[in-house]
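Chemist: Residue numbers (the numbering used here): 45 to 430.
Cβ atoms here follow ideal geometry from the backbone N, Cα and C, with glycine treated the same way.
This is the structure I have questions about; it appears just below.
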Amino acid sequence: MNMSCLKLILENLFIYLESLVQRTPNKTCNSMSSSLSSIYLIIEWEAFYLLLDHILFIIRKELFSSSATTIKFQEKFQLLLITPTIKEQFLRTLKFLLQFIPNLSEHIHGHVLNLLSCMFFITQHDQPLAIQMIQRLLTTFQSYQQQSIVGTDKNQCEVMQIQSSNAFLYLCKNFTTNIIEYYSELFPFLCQLYRNEFQLTKTLLSITIDESSNPTLKLLDAIQILFFHKLNHLTTTTTDNNQFEDFYELIKPIYEILNISLQADTLTIFIEYLDLCSNRRESMNTIHYRRRSLMLALHCLCLLLRCAKQQQLDNNLRSKISMCFRPILFDYILKVTQFCNRLYDLQINLFDDILKTNLTYSDTERQLYLGTYESNNVTKATIPST
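Structure representation (structure tokens):
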């Protein structure tokens with residue numbers, strides 16, 4: 045792309061963003077938030093974010109290529125494109141967006157957070173802005189998480205948690221070496237947010253569990269990126285048990301849920317615990333909580349297993365990671381797999397006829413109970429309230 049053309053596009057995007065901000069009220073009433081003009085404004089924000097993200101992708105690709113042969117070109121590209129004027133515009137825009145909290149729509153607020161994340165590269169010219177951005181994303185996530193736990197406007201909270209976790213995951217994927225500098229401060233805080241997520245299964249009427257729209261999985265994905273990056277860049281002499289204690293922090297909430305969910309010693313007790321035959325011996329809220337917790341724990345486990353498998357670790361580290369998984373895999377996954385395989389075995393399951401009559405769950409739930417469910421980036425499973 046022509047350099048002057050690229051600079052002109054950036055300059056016009058900054059002008060358009062100023063106009064967009066001026067047309068976005070900070071405070072609004074319910075009627076205004078649902079008006080046609082507000083809907084168009086939300087669409088504008090989304091379109092602007094997508095356009096700027098594509099342009100900045102081109103810029104980042106040229107500025108931060110890992111190829112050593114392009115270093116000279118990168119330096120020349122940066123001098124020609126990131127002029128003092130452009131740099132000042134970036135920094136001024138970033139500082140403003142860090143303070144901009146639109147109340148018109150949680151969707152607009154989410155686009156603001158994602159705009160911040162895609163502009164992170166410019167913080168190399170103002171390091172405190174990097175810290176402020178991380179704080180903005182995670183405190184936003186924490187605030188809406190707490191509101192959701194106590195039952196405040198759950199739909200809005202879910203949208204904001206998805207958007208803020210998505211923005212933070214973007215940073216961890218694309219600027220890992222920058223974010224890892226704050227690992228010692230970030231990791232305990234991130235783990236606390238991750239543990240809190242399992243409390244939400246008590247209050248939400250439904251929970252969408254897939255890696256494109258579930259904040260828990262996005263948050264866990266971000267944490268494991270930082271963990272494995274740190275682990276991969278430690279020398280043999282510096283690797284100690286502290287790193288694996290960190291990994292146990294990711295495993296622990298999953299283990300606790302499975303420990304509660306899979307205490308059943310027989311298939312009959314397992315069926316009754318999840319109310320697979322709709323006998324309604326427990327309140328529906330209790331049953332929904334049990335199902336959602338189990339599903340979320342299994343998804344988190346699948347994510348960690350897949351990510352651990354993809355790592356290029358030496359045999360010693362791989363063995364230690366495997367030891368972290370062993371209690372779950374042998375104590376619980378083996379048990380739930382056996383139960384699921386026996387559900388439609390006429391010789392074992394005495395409730396087979398009732399199960400076929402009353403099982404009215406989603407296809408994903410049926411696959412889970414049958415032991416044929418596979419978690420991946422494409423699968424989308426919504427656990428309904430009825």
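Between L338 and I301, is the Cβ-Cβ spacing less than 8 Å?
Modeler: The residue you call residue 338 lines up with position 294 of the sequence shown. The residue you call residue 301 lines up with position 257 of the sequence shown. Contact flag set, yes.
Chemist: Below 8 Å on the Cβ atoms is my guess for L215 versus L237; work out the distance and round it to an integer in Å.
Modeler: In the sequence shown, the residue the question calls residue 215 occupies position 171. In the sequence shown, the residue the question calls residue 237 occupies position 193. Not quite, the Cβ-Cβ distance comes to about 15 Å (not below 8 Å), so this is no contact.
Chemist: Exposed or buried, V380, counting other C-beta atoms within 10 Å across all chains shown (16 or more means buried)?
Modeler: As a first step, residue 380 must be located in the sequence shown, where it is residue number 336. Its Cβ being crowded by 16 or more others within 10 Å, V380 is buried.
Chemist: Taking the straight line between their C-alpha atoms, what separation do you get for Q168 and Y227?
Modeler: Reading the sequence shown from its first residue, position 124 is the one you call residue 168. Reading the sequence shown from its first residue, position 183 is the one you call residue 227. Their backbone Cα atoms lie some 18 Å apart in a straight line.
Chemist: Given a threshold of 16 other Cβ atoms within 10 Å of its Cβ, counted over all protein chains shown, does F271 qualify as buried or as exposed?
Modeler: Counted from its first residue, the sequence shown places residue 271 at position 227. Buried, since its Cβ has 16 or more Cβ neighbours within 10 Å.
Chemist: Less than 6 Å between C-beta atoms, sequence neighbours within five positions excluded: which residues of the same chain meet that for I87?
Modeler: Taking the sequence shown and counting its residues from 1, the one referred to as residue 87 is at position 43. Excluding residues within five positions, none has a Cβ falling inside 6 Å.
Chemist: Determine the direct distance from the alpha carbon of N286 to that of F144, and round the result to whole angstroms.
Modeler: Numbered from its first residue, the sequence shown carries residue 144 at position 100. Numbered from its first residue, the sequence shown carries residue 286 at position 242. Spanning the two alpha carbons is a distance of roughly 39 Å.
Chemist: At the level of alpha carbons, what is the spacing between F395 and T310?
Modeler: As a working note, residue 395 is residue 351 in the sequence shown. As a working note, residue 310 is residue 266 in the sequence shown. Spanning the two alpha carbons is a distance of roughly 13 Å.
Chemist: Buried or exposed for A91, please, with buried defined as at least 16 other CB atoms from any protein chain shown within 10 angstroms of its CB.
Modeler: Here the question's residue 91 lines up with position 47 in the sequence shown. Burial call: exposed.
Chemist: Please report the straight-line C-alpha distance between L213 and D265, rounded to a whole angstrom.
Modeler: By 1-based counting over the sequence shown, the position of residue 213 is 169. By 1-based counting over the sequence shown, the position of residue 265 is 221. Their backbone Cα atoms lie some 7 Å apart in a straight line.
Chemist: What span of residues does the alpha helix (DSSP H) with S48 cover, start to end?
Modeler: Within the sequence shown, residue 48 is the residue found at index 4, counting from 1. It spans 47 to 66 - the alpha helix (DSSP H) in which S48 sits, taken as one unbroken run.
Chemist: Could you round the C-beta distance between L340 and F242 to whole angstroms and report it? I think they count as a contact, below 8 Å.
Modeler: Translated into the one-based positions of the sequence shown, residue 340 becomes position 296. Translated into the one-based positions of the sequence shown, residue 242 becomes position 198. Correct: roughly 7 Å between the Cβ atoms.
Chemist: By the DSSP assignment, the alpha helix (DSSP H) with P371 in it spans what residues?
Modeler: In the sequence shown, counting from the first residue as 1, residue 371 sits at position 327. Where P371 is concerned, the enclosing alpha helix (DSSP H) stretches over 359 to 372.
Chemist: By a C-beta neighbour count over all protein chains shown, 10 Å radius and 16 as the cutoff for buried, is M367 buried or exposed?
Modeler: The residue you call residue 367 lines up with position 323 of the sequence shown. Under this definition M367 is an exposed residue.
Chemist: How far does the alpha helix (DSSP H) with T184 in it reach, from first residue to last?
Modeler: Here residue 184 corresponds to residue number 140 of the sequence shown, with the count starting at 1. Here the alpha helix (DSSP H) through T184 covers 171 to 193.
Chemist: If distances are taken between C-alpha atoms only, which option among L54, P259, T196 comes closest to F101?
Modeler: Stepping through the sequence shown from its first residue, residue 101 is reached at position 57. Considering only alpha carbons, the answer is L54.
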